[in-house]
Every structure is written in C-alpha cells, then in structure tokens.
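Numbering (this note's numbering), first residue to last: 723 to 949.
These notes concern the structure reproduced below.
Spelled out as structure tokens, the structure:
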C-alpha cells in the first residue's frame, strides 16, 4: 500500500468535512499556565486517549519513535511545529512535531524526542523541561510513537535541518486546545473508510494545515487537559 500523502493528486484539504467539535468545551486559559501544566503531569487525572492507532497504509517493520510536543512559554503559550520537506519517504510535506526514530543509545522516549528536536530544528535540550508523556500512538506507516510533552524557554535560536524541515512555526496553545478548531474528515480509499482530525490554522496569509497523526496526538492532548 502507498501512503495517502504520496499520491500525486491527494489533497487532505479537499476531503469532505464530517463535522466540527464546537460542542465540546475549550481548556480554560488558567489550565494552560506553566504551573497548571506541571501540576497536571505530576498528578494526572483518570482519562483515556481518543485515538491510539491509524489504519495501516504501508507494509513495513514497526519502529519505535518519539516526538516532542514543545510548549513555548511565551506570554500566551504556543506549540512549536515543523513542516516536513517534500522528499522524505513518509509523511512528506506534512505538519509534524520535531521527532523521529529511536536509537539504541537513547535511554528513553524523552531522550529520543530531545535528540531528534536538536537534530531537526536545533532546539537545545537545556531549554526544555520535560513534563511527561502521552500514550503511545501507532501511525499508519507503522511507527510506534511516544509523544513527550515539554515546556520550552523562549529566546532560542533555531537551525532547521534543510533535508528534513521545510519550515518551523508556532501555533497558540489555546487554539489547539479549543475543539471548535477540531475538524473531522473522512473518505473511502482502497475499500476502507479513513477518518482523521484536522486543525487548520491561519498564520498570517498562510494556512498551516495540521492533520493526520499530529492532529490526532494533539486531540489526545486536549482530552488529557480537559479530563
């Protein structure tokens, strides 16, 4: 099977909209402060992730990976995201968290996420306070991904790896934690119904189209924060 994003005429923006979850409550701003985030991870509430696995769309050996969900501590917190280059073998051109495949030398998922964030965008691990992890998410490309959440001190100077990263940008955390911005899309492909979330963000004159695995992990983060 081929990846959806590898199809030359596939545009996720053109896939039918099933609905928008504006009936769900947004996470209040007071719960998005650094202190509140630390408390939430120190004593997590009972909750369940909404999405844990995608339908497989490529046959390959499963591989462990980790991504960093980096919350930048600006006056209004943001989430740092990347746009992958168009020549990568999987998820090319998509919006993603910094992260990648685990190395044998990595002691844990947090070490993988921090190493990959440094390799991809030049984010120094000394600027990241790791809060904890969200449940594993299995992508359709057979990556077993651990999302690692961290607080990032601003004032960093990024150096994106041009082979992997086409662009780096930030999205307000409040935008991502408001389900009024969570779209549901679905269509039939290769005889199966495929569904995903999308969180289109208008960044000036450019739309940042967050969808697929990245949007799913953000949705799980919303569920964790709203529990």
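Just so you know, even glycine gets a beta-carbon here, dropped at the ideal spot from N, CA and C.
| Check | Outcome |
| --- | --- |
| Under the three-state reduction of DSSP, which class applies to residue 806: helix, strand or coil? | strand |
| Which of helix, strand or coil does DSSP assign to residue 863? | coil |
| Here's a check: name, in chain order, each residue in its chain whose Cβ is nearer than 6 Å to the Cβ of residue 917, leaving out the five neighbours to either side. | 908 |
| Under the rule that 16 or more other beta-carbon atoms within 10 Å means buried, what is residue 933, buried or exposed? | buried |
| For residue 894, write down the residues that DSSP places opposite it in a beta bridge. | 800 |
| Across which residues does DSSP place residue 788 in a beta bridge pair? | 822, 868 |
| DSSP three-state call for residue 905: helix, strand or coil? | strand |
| Over the uninterrupted beta strand (DSSP E) stretch that includes residue 741, give me the two end residues. | 739-742 |
| How long is the line joining the alpha carbons of residue 813 and residue 798, rounded to whole angstroms? | Reliability of the predicted coordinates at residue 813 is poor, the pLDDT of 47 falling under 50, and no value is obtained from them. |
| Can you tell me whether residue 929 is buried or exposed, with buried defined as 16 or more other CB within 10 angstroms of its CB? | exposed |
| Does the structure place the stretch 861-877 close enough to the stretch 891-904 that three or more beta carbon pairs sit under 8 Å? | no |
| Quick one: what does DSSP say residue 732 is sitting in, helix, strand or coil? | coil |
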